[in-house]
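Peer 1: Numbering-wise (this note's numbering), the sequence shown opens with residue 1 and increments by one.
Built from N, CA and C at the ideal position, the CB exists for glycine as well.
The structure under discussion is supplied below as structure tokens; questions concerning it will follow.
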Amino acid sequence: MHSLLVIYNSKTKTEPIADSLQCISPEFILRSSGYLVDVSYSEKEALTGIKEADASILHVPVSEIKEWGSLLMKQKTAPVIWWCTDETANLSLAACEDHIMVDGILGPSMQPQEIHWSLHFSAKQCFERQQWLKEREQLLSKIEERKWIDMAKGILSKVKNISESEAYDLLRKQAMNERKRMVDVATSIVKVYQLLQDQTQGGSKS
């Protein structure tokens, strides 16, 4: 990790910065630690800058991390790190939600080696978080597929007066014959059945 993007918002960036404060700004400290640093002051600049950066450093209140993190991750998968200072951490713990998207924390008192290792573990955390999200998405997809298959089994079992085990075998055989995924065949069966049921109910009402 070598190229970093420091992101300010209107609350954490005032112009001009006094000379006495320059030495504790994120960009000054990170550049002094050997990193290439770009700075953005708006959403548009941030979305452009993150394309070339290895990580984003959010110099924003903790309550804004989630919004910024979601925005940046849609543009590029890269570590999102919070720059923690008296200015950005002045809210109560209630402002920190459990699902805030942040991979690490940096601060103005950290030494170059501390910054280096924090960035290293932040990159690792980002990778693991992406793996977890991918696995979660796959699990939810499998649960959704199982729901359609179970519904189709129930319909076939009822319509053909067979056991659910036999209905499953029938569903699998149909999927093989049609060279389709079982969930696609199951979804079609359920939707056609529901359509027929709606038409029947509609006809009986009239």
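Between which two residues does the beta strand (DSSP E) containing G69 stretch?
Peer 2: No beta strand (DSSP E) contains G69, which is instead part of the alpha helix (DSSP H) from I65 to Q75.
Peer 1: Could you compute how far the alpha carbon of S20 sits from the alpha carbon of I100?
Peer 2: Any answer about S20 is weak, because its pLDDT of 49 lies below 50 and its placement is not dependable; what the coordinates show is given next. Straight-line Cα distance between these residues: approximately 32 Å.
Peer 1: Any chance you could list the beta strand (DSSP E) runs of at least 3 consecutive residues sitting entirely within the segment 88-156, in chain order?
Peer 2: 104-106, all fully within the segment 88-156.
Peer 1: Please determine if the segment 70-89 and the segment 37-52 are in contact, where contact requires at least 3 C-beta pairs separated by less than 8 Å.
Peer 2: Yes, they touch.
Peer 1: How long is the line joining the alpha carbons of D38 and E114, rounded to whole angstroms?
Peer 2: So the two alpha carbons sit approximately 21 Å from each other.
Peer 1: Using a Cβ-Cβ cut-off of 7 Å (strictly less than) and excluding sequence neighbours within five positions of A89, which residues of its own chain qualify?
Peer 2: The answer, listed in chain order, is V62.
Peer 1: Classify L4: buried if its beta carbon has 16 or more other beta carbons within 10 angstroms, exposed otherwise.
Peer 2: It counts as buried.
Peer 1: Please look up how many angstroms separate the CB atoms of W148 and V190, rounded, as I've assumed it's under 8 Å.
Peer 2: At roughly 6 Å, the Cβ-Cβ gap stays under 8 Å, so W148 and V190 are in contact.
Peer 1: Is the segment 136-153 touching the segment 166-181, taking contact as three or more C-beta pairs under 8 Å?
Peer 2: The segment 136-153, when compared against the segment 166-181, does touch it at the 8 Å Cβ threshold.
Peer 1: Helix, strand or coil for V80 per DSSP?
Peer 2: Three-state result, V80: strand.
Peer 1: How many whole angstroms separate the CB atoms of W83 and H59, which I take to be in contact at a CB cut-off of 8 Å?
Peer 2: Rounded, the Cβ-Cβ distance is 4 Å, consistent with contact.
Peer 1: Using a 10 Å radius around the Cβ and a threshold of 16 neighbouring Cβ atoms, would you call W117 buried or exposed?
Peer 2: Exposed is the call here.
Peer 1: Can you find the residues in the same chain that come closer than 6 Å, C-beta to C-beta, to P112, ignoring five residues on each side of it along the sequence?
Peer 2: Correct list, in chain order: S33.
Peer 1: Over the uninterrupted beta strand (DSSP E) stretch that includes A53, give me the two end residues.
Peer 2: It is not in any beta strand (DSSP E) - A53 carries neither H nor E in the DSSP assignment.
Peer 1: Alpha carbon to alpha carbon, how far is L36 from D150?
Peer 2: Using only the alpha carbons, I get a separation of about 55 Å.
Peer 1: Specify, as a first and last residue, the run of the alpha helix (DSSP H) that D86 falls within.
Peer 2: Premise fails: D86 is in no alpha helix (DSSP H) and is neither H nor E.
Peer 1: Out of L106, K134, C126 and Y168, which has the shortest C-alpha to C-alpha gap to I29?
Peer 2: When only C-alpha atoms are compared, the closest one is L106.
Peer 1: Indicate the three-state DSSP secondary structure (helix, strand or coil) for V37 in the structure shown.
Peer 2: In the structure shown, V37 sits in a strand (DSSP, three-state: E or B).
Peer 1: Helix, strand or coil: how does DSSP classify S163 here?
Peer 2: Three-state DSSP puts S163 in coil, outside helix and strand.
Peer 1: Within 10 angstroms of its Cβ, does N9 collect 16 or more other Cβ (buried), or is it exposed?
Peer 2: Buried, because 16 or more other Cβ atoms sit within 10 Å of the Cβ of N9.
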